[in-house]
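Residue numbering for the sequence shown follows the working numbering, beginning at 14 and increasing consecutively.
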Amino acid sequence: MKDSVHKNMTEIPTPRAIFLAMPYAPGAIITHTEKIIQSCMANCQSVRVLCDSRVDFAKFDAHVTHYANLPVLHHVESIRPRLWSALLWIFKLCWILIQSCVAVIANRHQTDVVVCFASHFHLPVLVCGRMCGLRTVLFDPSNSVLANHIVYGQRPWGRIWLRLLHLLRRLNHGIAHVLVQESWYEIKQAGLDMYRSKVSLGSIYTDTDFYRETIPWNDRAPIVGFIGRFTPEKGLMPFIEAAVMLKNQNLAFHIVGDGPQRAEVESLIQRHNGTQIKLTGWACPTEVVTYFNQFRLYVMPSLAEGMPVAAREAMACGTPVLVTNVGGVSDIIEDGKTGFILKDLEPATIAQAIMDALSHPQLAEIAQKGRNHVVQTFSLQPSIRQWQHILIGQ
């Protein structure tokens, strides 16, 4: 992997970068961070990375260094009392931002571009970058906007928190030189219409050598699967209700993942005596590939997504996908040709869409077209070309 992405760009200026990945608790942020670093290092003389210790630097070339080890921002609900947990979270965030600003200032003469990933709280770092005369890049996926409204919108203090996040986003968008989104469809979702001239496309690539078909689709059992976090924006509850409706259809349903809604998920399955529904718990990437290759159909009933990573990984494994048309899904799925689009999230609609997809006469061909599309559009080399434009401006 390292040799395949090492730069050979003698005619194009290769910048020196500082990359800040906000160390949130979910493990997916680590995978995304590693993939963006892979895309960046192919275009840079050096990459100084500020992240937590979960990132595996053995994957990278020598010119990628772990400059600062940041504390992980825990889930506030995971520590009691909650007030202490919130104060600890705020302290960690402040320490992260102080370390990051110091790193930018101390290395300003050895840096050309500052890249900030996946947070509303990068404002101080972006300001430091601008003051030091550096190119500033913000990659803040649009799905976080809708996800925050879903998670916090109904809480007593939620509206105040959402207004603060909205203000921070507007300030971030105004200060950064480049705003990275994975799809043009996400511009409106992220509220970026007024900053359209700043927006560049940049994807978190799909490793199509790792995510590949190991079990031919025709040899798979009738298993319908879901892989993801158990959070409200993932739409898991109506999917389970749809599975209950199909309990007499000789289908098995495998749900892979974990998260804050775990107790609700278990309760709903038990209440409906969903014996055909299997909860497997969290899975490492190698296990995820195995699960994708067991599924005859992968369902992603999300209320909010950016450019959905799991759907692309499923497609790379030769698994047909049934997804809601949110975020950048339109860039991935052409309904009935590379996958299937859910019309709404009513359980009855999901149940009928599952049966329609599984009975499609060209389902194996659709699965193959889906993989081909991911390989051609969302693999490493296209991502490297996108990040060259983002980092260098050419």
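For glycine and all other residues, C-beta sits at the position ideal for the given N, C-alpha and C.
Buried versus exposed call for R309 [16 or more other C-beta atoms within 10 Å across all chains shown]
The residue given as residue 309 occupies position 296 in the sequence shown. When all chains shown are included, R309 counts as buried.
In whole angstroms, what is the alpha-carbon distance linking C410 and F152?
Nothing can be reported for residue 410: it is not among the residues displayed for the chain, which extend from 14 to 407.
Compute the Euclidean distance between the alpha carbons of A364 and E326, then round it to the nearest angstrom.
Counted from its first residue, the sequence shown places residue 364 at position 351. Counted from its first residue, the sequence shown places residue 326 at position 313. Whole-angstrom Cα-Cα distance: 23 Å.
Could you check whether the Cβ of N120 sits closer than 8 Å to any Cβ belonging to chain D?
In the structure shown, chain D does not exist; there is a single protein chain.
Status (buried if at least 16 other CB within 10 Å, exposed otherwise) for M320
Along the sequence shown, one-based indexing puts residue 320 at 307. Buried: at least 16 other Cβ atoms inside 10 Å.
Any idea what DSSP makes of V117, helix, strand or coil?
Translated into positions along the sequence shown, residue 117 becomes position 104. V117 falls in the helix class under three-state DSSP.
Going by other Cβ atoms of all chains shown within 10 Å of its Cβ, with 16 needed for buried, is T46 buried or exposed?
Taking the sequence shown and counting its residues from 1, the one referred to as residue 46 is at position 33. Label assigned to T46: buried.
I'd like to know whether the C-beta atoms of Y208 and H186 end up nearer to each other than 8 Å.
Position 195 of the sequence shown, counted from the start, is the residue given in the question as residue 208. Position 173 of the sequence shown, counted from the start, is the residue given in the question as residue 186. Yes, the pair counts as a contact, with Cβ atoms nearer than the cut-off.
Would DSSP call M14 helix, strand or coil?
As a working note, residue 14 is residue 1 in the sequence shown. In this prediction, M14 has a pLDDT of 49, which is less than 50 and means its spatial position is unreliable; what the coordinates show is noted afterwards. In this structure, M14 counts as coil in the three-state DSSP scheme.
Cross-strand partners of Q274 (DSSP beta bridge):
Along the sequence shown, read from residue 1 onward, the residue named residue 274 stands at position 261. BP columns for Q274 are empty, so no partner.
Minimum length 3: unbroken beta strand (DSSP E) runs contained in the segment 25-99
29-34, 59-64 and 77-82
Could you have a look at G238 and say whether DSSP puts it in helix, strand or coil?
For this step, residue 238 is matched to residue 225 along the sequence shown. DSSP places G238 in strand when its eight states are reduced to three.
Determine the closest residue to P154 out of A323, M144, A131 and K260, with distance taken between C-alpha atoms.
Translated into the one-based positions of the sequence shown, residue 154 becomes position 141. Considering only alpha carbons, the answer is A131.
Look up A317 in the DSSP assignment and say whether it is helix, strand or coil.
Within the sequence shown, numbered from 1, the residue matching residue 317 stands at position 304. In the structure shown, A317 sits in coil (DSSP, three-state: anything other than H, G, I, E or B).
DSSP has C129 in a bridge; who is on the other side?
To locate residue 129, count along the sequence shown from 1; it is residue 116. Partner(s): L33 and L151.
Beta carbon of R95 nearer than 8 Å to that of C57
Working through the sequence shown from its first residue, we reach residue 95 at position 82. Working through the sequence shown from its first residue, we reach residue 57 at position 44. No, the Cβ-Cβ distance between R95 and C57 is not below 8 Å.
Would a C-beta distance cut-off of 8 Å place V269 and I236 closer than the cut-off?
Within the sequence shown, the letter at position 256 stands for residue 269. Within the sequence shown, the letter at position 223 stands for residue 236. Cβ atoms of V269 and I236: not closer than 8 Å.
Decide if L139 is buried, meaning its Cβ has at least 16 other Cβ atoms within 10 Å, or exposed.
Mapped onto the sequence shown, residue 139 falls at position 126. Per the 10 Å Cβ criterion, buried.
Run through DSSP, which three-state label would D220 get?
Mapped onto the sequence shown, residue 220 falls at position 207. Of the three classes helix, strand and coil, the one that applies to D220 here is coil, per DSSP.
Using the Cα positions of F70 and F252, report the straight-line distance between them to the nearest angstrom.
Walking along the sequence shown from the start, residue 70 turns up at place 57. Walking along the sequence shown from the start, residue 252 turns up at place 239. So the two alpha carbons sit approximately 37 Å from each other.
Residue interval of the beta strand (DSSP E) (run including Q194):
As a first step, residue 194 must be located in the sequence shown, where it is residue number 181. Segment V191 to Q194, the beta strand (DSSP E) holding Q194.
Same chain only: Cβ atoms within 7 Å of V89, ignoring 5 sequence neighbours per side
As a position in the sequence shown, residue 89 is number 76, starting the count at 1. Result list for V89: R95, S98, A99 and W102, in chain order.
Can the beta-carbon of L63 be found closer than 8 Å to that of S113?
As a first step, residue 63 must be located in the sequence shown, where it is residue number 50. As a first step, residue 113 must be located in the sequence shown, where it is residue number 100. Yes, these two residues count as a Cβ contact at 8 Å.
Assumed close pair C116, R61 - CB separation to whole angstroms, cut-off 8 Å
For the purposes of this step, residue 116 is taken as the residue at position 103 of the sequence shown. For the purposes of this step, residue 61 is taken as the residue at position 48 of the sequence shown. In the sequence on display, residue 116 carries Ala and not Cys. Yes, they are in contact, since the Cβ atoms of A116 and R61 sit about 7 Å apart, within 8 Å.
Touch check for the segment 324-342 and the segment 298-308: three-plus C-beta pairs under 8 Å?
yes
Taking all protein chains shown into account, decide if D369 is buried (16 or more other Cβ within 10 angstroms of its Cβ) or exposed.
The residue labelled residue 369 in the question sits at position 356 within the sequence shown. Per the 10 Å Cβ criterion, exposed.
Distance between C129 and L53 (C-alpha atoms, nearest Å)
Residue numbering aside, residue 53 sits at position 40 when the sequence shown is read from its first letter. Residue numbering aside, residue 129 sits at position 116 when the sequence shown is read from its first letter. Note on residue identity: the sequence assigns Cys, not Leu, to residue 53. Each residue's alpha carbon lies about 12 Å from the other.
Decide yes or no for the touch test of the segment 259-276 against the segment 335-350: beta carbon pairs closer than 8 Å, at least 3 of them.
no
According to DSSP, simplified to helix, strand and coil, what is S213?
As a first step, residue 213 is located in the sequence shown; it is residue number 200 there, counting from the start. Strand at S213.
Looking at C-alpha atoms only, which residue of S66, N263, S59 and F32 is the closest neighbour of G40?
To locate residue 40, count along the sequence shown from 1; it is residue 27. Cα-wise, what sits closest to G40 is S66.
If you reduce the DSSP assignment to three classes, tell me which class A361 lands in.
Taking the first residue of the sequence shown as position 1, residue 361 is located at position 348. Looking at A361 - three-state DSSP - the assignment turns out to be helix.
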